[in-house]
Each structure stands twice: as structure tokens, then as C-alpha cells.
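Okay, structure first, notes after.
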Amino acid sequence: MRSCSILSGRLPISGRMNKSMDLHSNRNPSPLWPWALTLYARPGVSEALLILQDEAGLDVCELLWGLWLLSHDRAPKTDLASRLAPVRQWQQHYTQPLRQLRRDLKAQAADRPELEQMRTHIKKAELQSERETLNRLEALALSASTPCLPDKAFETLSRHLIGELDTRHQTLISQLRLESENMAPPSC
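One rule links them: number in this note's numbering = place in the sequence shown (from 1) + 3.
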């Protein structure tokens with residue numbers, strides 16, 4: 004099991020809204036997809052997530068899911084790796100190839116409008132694939148998460164989804180955590 008050195012730095016949780024939720028309720032106050040879009044649109048968040056994806060090899064959808072769980076005072080259960088396997092397989096077979104195609108076309112599309120149109124379609128498919136990933140992760144939250152105190156939830160999130168990071172990447176994770184904690188729930 005991987006450990007994370009960012010655990011030693013406790014972040015203040017005072018002033019947090021009571022964001023606990025009953026994941027088994029039909030009245031889920033903030034579904035993952037709109038919550039993730041709201042967080043992603045906050046200043047600096049998309050940049051931080053893409054750096055963590057490209058430099059640290061972290062999965063943006065899993066990070067968003069983990070932060071969403073954390074914002075609702077929940078943590079992944081200990082058998083998370085086996086439960087995440089089908090979601091990770093989806094990412095590997097669909098999302099990652101679409102992302103790579105989109106990135107590969109970027110330079111060529113600069114000079115050819117028809118390729119830019121194709122790249123735009125691939126980008127939309129990639130986004131739809133990421134949405135499907137988040138839908139699967141939200142469904143997984145019903146069986147693979149448990150209520151938890153915020154600091155304990157962060158430790159569990161770090162252990163299962165983040166792992167060992169250098170100081171720069173630890174700082175980005177801390178910034179993402181603060182942004183997600185300070186975010187008002189999206190209106191659905």
C-alpha cells in the first residue's frame with residue numbers, strides 16, 4: 004500500500020459547511036458530475052489537475068471523486084483497488100486513447116481546419132468518456148466509501164488514490180483540497 008507524505012500537514016477545516024450526505028438517499032445534494040465541473044472551473048484547479056495528471060501520473064477523475072467524497076466527509080474503503088479495477092479499465096481502454104489522439108492532433112490541426120474539427124469531436128468524446136468515468140465512480144461511492152472524519156478521510160484518500168508525491172505536487176493536492184472545501188454546493 005502506498006503512503007503519502009502530505010498527511011503530516013493538517014489543513015484547517017474550521018468554517019466548513021456541514022456537507023455530510025447519505026449516499027443511499029435519492030436526494031443526493033451534490034452529484035459528482037456538476038460538483039466536478041464547478042470545482043474544475045475554479046481558478047487554478049484545471050491547471051493543478053493537469054499537472055498532477057501529466058507529471059505525477061494521477062488520474063484526474065479519481066482525484067475529483069476523492070475530493071468529492073472528502074467534501075461529504077466520506078473515505079474510500081480499504082478494498083478500493085479491486086473495486087476501482089473496472090473503472091480504471093474503462094479509463095485505459097477509452098479515455099486515455101481519446102486523450103492521446105486529441106493531443107497528437109493538436110500540432111497538425113493548427114494548419115488544417117478540418118483536422119481541428121475532428122480534434123474537437125475527439126475532445127467531446129473524451130469529455131463524455133470522463134463523464135462516464137465519474138458516473139461509475141459516483142455509483143462506486145455507494146459500496147466503496149464510508150462516513151469518516153475529514154482528516155481521516157484525507158489520509159485514506161491519500162493512501163488509496165494519491166501515493167507518494169514530491170513537495171510541488173503535495174502543494175497542488177493541498178490547494179485542491181482547500182478549493183473543494185471552500186466550494187459552495189452546485190445548484191442542480
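Cβ coordinates follow ideal geometry from the N, Cα and C atoms, glycine included.
Query, Result
"Limits of the beta strand (DSSP E) - the one that P100 falls within", "It is not in any beta strand (DSSP E) - P100 instead sits in the alpha helix (DSSP H) that spans 99-112."
"Cβ-based burial, A44 [other Cβ within 10 Å; buried from 16]", "exposed"
"Same chain, Cβ closer than 7 Å to A147, five either side skipped, listed in chain order", "P79, K80, L83, R86"
"Exposed unless 16 or more other CB atoms sit within 10 angstroms - verdict on G60", "exposed"
"Span of the beta strand (DSSP E), counted from its first residue to its last, around R45", "Neither: R45 is in no beta strand (DSSP E) and is coded neither H nor E."
"Selection from W38, D76, L40, I54 that minimises the alpha carbon distance to I176", "I54"
"DSSP state of S148 mapped onto helix, strand, coil", "strand"
"Stretch pair the stretch 126-135 + the stretch 167-185: three plus CB contacts closer than 8 Å", "no"
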